[in-house]
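Visitor: Residue numbers (the working numbering): 1 to 409.
1) What are the boundary residues of the alpha helix (DSSP H) that includes residue 224?
2) Quick check on the DSSP output: what are the complete beta strand (DSSP E) runs of length 3 or more inside the stretch 280-333, in order along the chain?
3) For residue 80, count neighbouring Cβ atoms within 10 angstroms of its own Cβ and tell me buried if that reaches 16, exposed if not.
4) Thinking just about the alpha-carbon of each residue, which of 325, 199, 304 is nearest to the one in residue 400?
5) Using alpha carbons as the reference points, say which of 37, 47, 91, 62 lies closest to residue 71.
6) Please list, in chain order, all residues of the same chain as residue 403 whose beta carbon is under 8 Å from its beta carbon, the five residues on each side excluded.
7) Please classify residue 227: is it buried, with 16 or more other beta-carbons within 10 angstroms of its beta-carbon, or exposed?
8) Around the C-beta of residue 34, are 16 or more other C-beta atoms found within 10 angstroms, so that it is buried, or is it exposed?
9) Compare the beta carbon distance of residue 276 and residue 264 with 9 Å and say whether it is the shorter of the two.
10) Rounded to the nearest angstrom, what separates residue 255 and residue 240 at their Cα positions?
11) Can you tell me which of the three DSSP states residue 105 falls into?
12) Compute the Euclidean distance between the alpha carbons of residue 313 and residue 82, then round it to the nearest angstrom.
13) Just the C-alpha distance for residue 306 and residue 63, rounded to the nearest angstrom, thanks.
14) I believe residue 355 touches residue 318 by the beta-carbon criterion, under 8 Å. Please report the beta-carbon distance rounded to the nearest angstrom.
15) Note down the Cα distance separating residue 327 from residue 131, rounded to an integer number of angstroms.
16) Quick one: is residue 44 buried, meaning 16 or more other Cβ sit within 10 Å of its Cβ, or exposed?
17) Please report how far the alpha carbon of residue 315 lies from the alpha carbon of residue 181, in whole angstroms.
18) Can you check whether the CB of residue 157 is closer than 9 Å to the CB of residue 481?
19) Pick from 176, 148, 203: whose alpha carbon is nearest that of residue 191?
20) Quick test of your reading: residue 124 and residue 174, contact by CB under 8 Å. State the CB separation rounded to the nearest angstrom.
21) Going by Cα to Cα distance, which pick from 26, 86, 28, 67 is closest to residue 51?
22) Is the Cβ-Cβ distance between residue 222 and residue 189 less than 9 Å?
23) Quick one: give me the first and last residue of the alpha helix (DSSP H) that residue 156 is part of.
24) I need the straight-line Cα distance from residue 406 to residue 374, nearest angstrom please.
25) Between residue 176 and residue 137, is the Cβ-Cβ spacing less than 9 Å?
26) Out of 321, 298, 293, 90, point me to the one whose CA is closest to residue 121's CA.
27) Please return the same chain residues whose Cβ sits closer than 8 Å to the Cβ of residue 408, not counting the five positions on each side in sequence.
28) Report the three-state DSSP secondary structure of residue 399 (helix, strand or coil).
29) Only counting the same chain, and skipping five residues up and downstream in sequence, which positions put a Cβ closer than 6 Å to that of residue 128?
30) Which partner residues of residue 203 appear in the DSSP bridge assignment?
31) Could you give the distance in angstroms between the alpha-carbon of residue 454 and the alpha-carbon of residue 169?
32) Compute the Euclidean distance between the alpha carbons of residue 194 and residue 172, then round it to the nearest angstrom.
33) Relative to the C-alpha of residue 205, which candidate in 357, 162, 141, 235 has its C-alpha closest?
34) How would you call residue 186, buried or exposed, if buried means at least 16 neighbouring beta carbons within 10 angstroms?
35) Have a look at the DSSP bridge pairing and note the partners of residue 70.
36) Starting from residue 176, trace the alpha helix (DSSP H) in both directions and tell me its first and last residue.
Written out as structure tokens, the structure reads:
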């Protein structure tokens with residue numbers, strides 16, 4: 001009993017200490033160029049493209065109506081120790097519920113839905129990037145201990161939330177996306193009324209060291225899966241006279257509106273779509289340069305049938321946003337051919353793994369992707385709702401990826 005009391009007392013003291021203001025100093029900004037660029041780069045450089053000032057500046061210039069950006073630098077004794085990139089969004093409750101499911105009459109969930117129905121738009125503050133997969137919104141000095149780094153992050157989010165009252169209440173705060181290591185590292189957030197929620201796994205394809213070109217990847221597969229790819233994906237595409245390749249900046253500029261149509265055709269069919277990009281986004285991504293961003297187009301008779309944005313982040317290559325003609329996709333495997341083009345791009349760039357995200361788990365597993373458990377931290381401004389998020393609110397539901405190994409043993 002004494003040991004239990006001591007543990008409870010220690011936990012209460014830790015919680016109280018975490019809820020106090022840290023000894024750090026902070027600089028906040030609504031534009032990445034308003035902060036000290038050298039200090040930002042010092043912290044963000046190891047994280048590559050997705051924490052770079054060039055990338056976030058491109059987002060700012062993309063005319064995205066769905067969200068605004070915020071930034072912060074934390075200092076200890078005058079030295080930068082934490083860089084945090086955030087997004088402010090307005091989302092509807094329906095887009096937050098990927099799989100709403102039935103709401104039995106008289107249930108808490110039914111009551112919440114009814115009570116919140118008049119306020120369909122909810123404001124969301126995100127530490128991270130809703131357009132990427134991974135913890136792409138926080139970078140820390142190597143010598144900053146986990147408790148201090150996440151206390152600093154929580155304080156930054158709290159200060160932003162309080163400041164944004166001038167523009168209306170922020171309803172939810174999210175920290176995304178965390179693998180198992182990052183989730184363990186960030187346990188201090190659990191002491192600050194954040195709830196950890198598991199999402200769909202991030203599908204990641206490791207690339208073997210001896211793979212240099214796409215044919216090496218195919219050669220590593222068993223004949224069953226290799227034949228399926230050739231016969232079911234490549235053969236129909238080639239028979240239809242389709243071609244796939246890297247789009248030039250001039251092609252992107254000329255095709256941006258068409259790309260937006262193809263992208264929206266995919267977005268409108270998605271079950272979870274909190275963010276929608278604009279046509280200017282494709283131009284800004286192309287302007288990052290082919291060594292960092294590549295738009296791969298799939299054409300037939302001069303008409304663009306589909307495209308995929310590939311982001312190059314050193315050894316990590318991300319298959320980001322995709323768009324394709326849904327009418328043509330009824331007879332042609334456009335989606336899968338575009339996904340396989342990301343592998344071609346990754347190998348050409350010397351990448352060691354390809355990030356494919358959290359959708360279409362089975363097709364990606366057949367490509368050789370492995371599921372990486374992923375979670376986020378979430379907090380609601382109202383204590384009652386905050387305490388019920390994990391048990392009753394049902395914001396995130398997920399399925400498990402199948403276990404498939406298409407490669408030779």
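Positions of the beta carbon are idealized from the N, C-alpha and C atoms, including for glycine.
Since this is a predicted model, take the numbers as computed values, not measurements.
Guide: Once the coordinates are examined:
1) Residue range 223-229 is occupied by the alpha helix (DSSP H) that includes residue 224.
2) Whole beta strand (DSSP E) segments, 3+ residues: 293-300, 303-313, 316-324.
3) Answer is buried; the Cβ neighbour count reaches 16.
4) Minimum Cα distance to residue 400 is reached at 199.
5) Comparing Cα-Cα distances from residue 71 to each of 37, 47, 91, 62, the minimum goes to 37.
6) When the five nearest sequence neighbours on each side are left out, the beta carbons in the same chain lying within less than 8 Å of the beta carbon of residue 403 are those of 365, in order along the chain.
7) Answer is exposed; the Cβ neighbour count stays below 16.
8) Exposed: under 16 other Cβ atoms inside 10 Å.
9) Yes.
10) Computed Cα separation, rounded: 21 Å.
11) Interpretation of residue 105 is limited by its pLDDT of 45, a score under 50 that renders its predicted location unreliable; the figure taken from the coordinates is listed afterwards. Three-state DSSP puts residue 105 in coil, outside helix and strand.
12) If you take the alpha carbons of residue 313 and residue 82, they lie about 20 Å apart.
13) Cα to Cα, residue 306 sits roughly 22 Å from residue 63.
14) Taking C-beta atoms under 8 Å as the contact rule, residue 355 and residue 318 qualify, at a distance of about 4 Å.
15) Rounded to the nearest angstrom, the two C-alpha atoms are 26 Å apart.
16) With 16 or more other Cβ atoms within 10 Å, it is buried.
17) Going by the C-alpha atoms only, they are around 19 Å apart.
18) What the structure shows of the chain is the stretch from 1 to 409, and residue 481 is not part of that stretch, so it cannot be assessed.
19) Ranked by Cα distance from residue 191, the first of 176, 148, 203 is 148.
20) About 6 Å; that satisfies the 8 Å criterion.
21) Ranked by how close their Cα comes to the Cα of residue 51, the residues 26, 86, 28, 67 have 86 in first place.
22) No.
23) First-last of the alpha helix (DSSP H) with residue 156: 146-163.
24) Each residue's Cα considered, the two are about 23 Å apart.
25) In this structure, residue 137 lies closer than 9 Å to residue 176 by Cβ.
26) Out of 321, 298, 293, 90, 90 has the C-alpha closest to the C-alpha of residue 121.
27) By the criterion of a C-beta distance shorter than 8 Å, residue 408 is surrounded in its chain by 220, 221, 222, once the five residues flanking it on both sides are discounted.
28) When DSSP states are grouped into helix, strand and coil, residue 399 belongs to the coil group.
29) Around residue 128, the same chain offers 136, 137, 176 as residues with beta carbons nearer than 6 Å, after the five sequence neighbours per side are excluded.
30) Note: residue 203 is bridge-paired with 357, 371 in the DSSP secondary-structure output.
31) Lying outside 1 to 409, the shown extent of the chain, residue 454 is not represented and no answer is given.
32) One C-alpha to the other measures close to 10 Å.
33) Looking at the Cα atoms, 357 is the closest of the given residues.
34) Under this definition residue 186 is a buried residue.
35) Partner residues in the beta bridge of residue 70, as assigned by DSSP, are 86.
36) No alpha helix (DSSP H) contains residue 176, which is instead part of the beta strand (DSSP E) from 172-178.
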